[in-house]
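The next block holds one structure in the form of structure tokens; read it before the comments.
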Amino acid sequence: MGGSISSAYRKPHTCRQHHAALTGVMSQPDHRSTTTESDGALRGRVTVFDDRYPGVANLDPDLLQALREAAMAAADDGVEFYVNSGWRSPAYQNELLREAVSKYGSEEEAARWVATADTSAHVSGNAVDIGSSDATAWLSEHGAKYGLCQIYSNEPWHYELRPQAIDHGCPPMYADPTHDPRMRQRSALSVDPVPTS
2 MGGSISSAYR
12 KPHTCRQHHA
22 ALTGVMSQPD
32 HRSTTTESDG
42 ALRGRVTVFD
52 DRYPGVANLD
62 PDLLQALREA
72 AMAAADDGVE
82 FYVNSGWRSP
92 AYQNELLREA
102 VSKYGSEEEA
112 ARWVATADTS
122 AHVSGNAVDI
132 GSSDATAWLS
142 EHGAKYGLCQ
152 IYSNEPWHYE
162 LRPQAIDHGC
172 PPMYADPTHD
182 PRMRQRSALS
192 VDPVPTS
């Protein structure tokens, strides 16, 4: 999968296409989707400074500030940060989860890639998926200086704010979201049924 991650970052994607390119969740556009910018969907090259988009504007203010500071420092190194996904509405998160269950065939396997709306750090505005591969490489090396940490080994694009990382470095990563105690808040995944109309 290493090659697909690198190639997925070479040109801008919509959040759904980016997520699909990296996880394989959605190989074809879902024509039933009703997700819009107001749900947090991001299309094109959206930066951490583009707060006209709810997917950026609804991020936790401290996370957004740390991202902006890191983005300015990265720009000095010739690296651009693009937000492939930030804040998501519960409806958008549930849509991604339904697609993952369909793709992987079970809620258990889908949980390795997509959280429920009740547990997702994206829904609370506390997580961001950053592209390009240059940006994730830059964050991997310098993110702790800004309190920005990769949380899951299987998601090199997913960052959350950990202020203690500034002094102590980022905490060890979880292998995937199923190992994160925050994801165990509910005993079962809450997947809304797929709309039939």
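One rule links them: number in this note's numbering = place in the sequence shown (from 1) + 1.
Don't be surprised by glycine CBs; every beta carbon is placed ideally from N, CA and C.
Residue i classed as buried or exposed, judged by whether at least 16 other C-beta atoms fall within 10 angstroms
| i | result |
| --- | --- |
| A76 | exposed |
| L23 | Caution is warranted here: a pLDDT of 46 is assigned to L23, below 50, making its placement in the model unreliable, and the coordinate value is therefore given only provisionally. Result: buried. |
| P182 | exposed |
| G126 | buried |
| T137 | buried |
| G106 | exposed |
For residue i, the residue or residues it bridges with in DSSP
| i | result |
| --- | --- |
| E161 | C150 |
| I131 | V84 |
Under the three-state DSSP convention, the category residue i falls into
| i | result |
| --- | --- |
| Y93 | helix |
| Y175 | strand |
| A111 | helix |
| A71 | helix |
| V57 | helix |
| H32 | Note that H32 scores a pLDDT of 41, beneath 50, so its modelled location is shaky; the value from the coordinates is reported in the next line. Coil at H32, not helix or strand. |
| E156 | coil |
| L65 | helix |
| L43 | coil |
| A122 | coil |
| A116 | coil |
| V49 | coil |
| I79 | The question names Ile, but residue 79 is Gly in the sequence shown. In the structure shown, G79 sits in coil (DSSP, three-state: anything other than H, G, I, E or B). |
| A166 | helix |
| Y105 | helix |
| T37 | coil |
Member of the options whose CA lies at the smallest distance from the CA of residue i
| i | options | result |
| --- | --- | --- |
| L140 | V115, E110, I167 and T117 | I167 |
| P172 | S121, W88 and Q151 | Q151 |
| R89 | M73, A116 and S103 | A116 |
| D61 | D181, M174 and E161 | E161 |
| A72 | D119, F50, M174 and N59 | F50 |
| G148 | A138, R163, S134 and G126 | R163 |
| D78 | E96, E142, L64 and T37 | E142 |
| H180 | A112, G126 and S107 | A112 |
| S39 | V124, Y153, D135 and P178 | V124 |
| F82 | L65, L98 and E108 | L65 |
| G56 | V80, A74 and P91 | P91 |
| M174 | S133, R99 and Y153 | Y153 |
| S121 | Y93, S133 and I131 | Y93 |
| M184 | D119, A128 and E110 | D119 |
Residue i versus residue j - alpha carbon distance
| i | j | result |
| --- | --- | --- |
| A203 | Y54 | Nothing about residue 203 can be read from this structure; the chain reaches only from 2 to 198. |
| N155 | Q165 | 23 Å |
| W158 | H169 | 21 Å |
| R69 | V84 | 11 Å |
| S103 | A67 | 35 Å |
| T37 | N95 | 14 Å |
| A42 | E108 | 23 Å |
| S7 | G144 | Any reading at S7 must be qualified, since the residue scores a pLDDT of 32, below 50, and its modelled position is unreliable; no value is offered. |
| R44 | K146 | 29 Å |
| F99 | V80 | For clarity, residue 99 is Arg in the given sequence; the question names Phe instead. Rounded to the nearest angstrom, the two C-alpha atoms are 34 Å apart. |
Proximity test, residue i beta-carbon vs the ligand NAP heavy atom, cut-off 7 Å
| i | result |
| --- | --- |
| D130 | Absence of the ligand NAP is noted for the structure shown, with no ligands found whatsoever. |
Within-8 Å CB hit, residue i to chain C
| i | result |
| --- | --- |
| Q165 | Among the protein chains of the structure shown there is no chain C, as only one such chain exists. |
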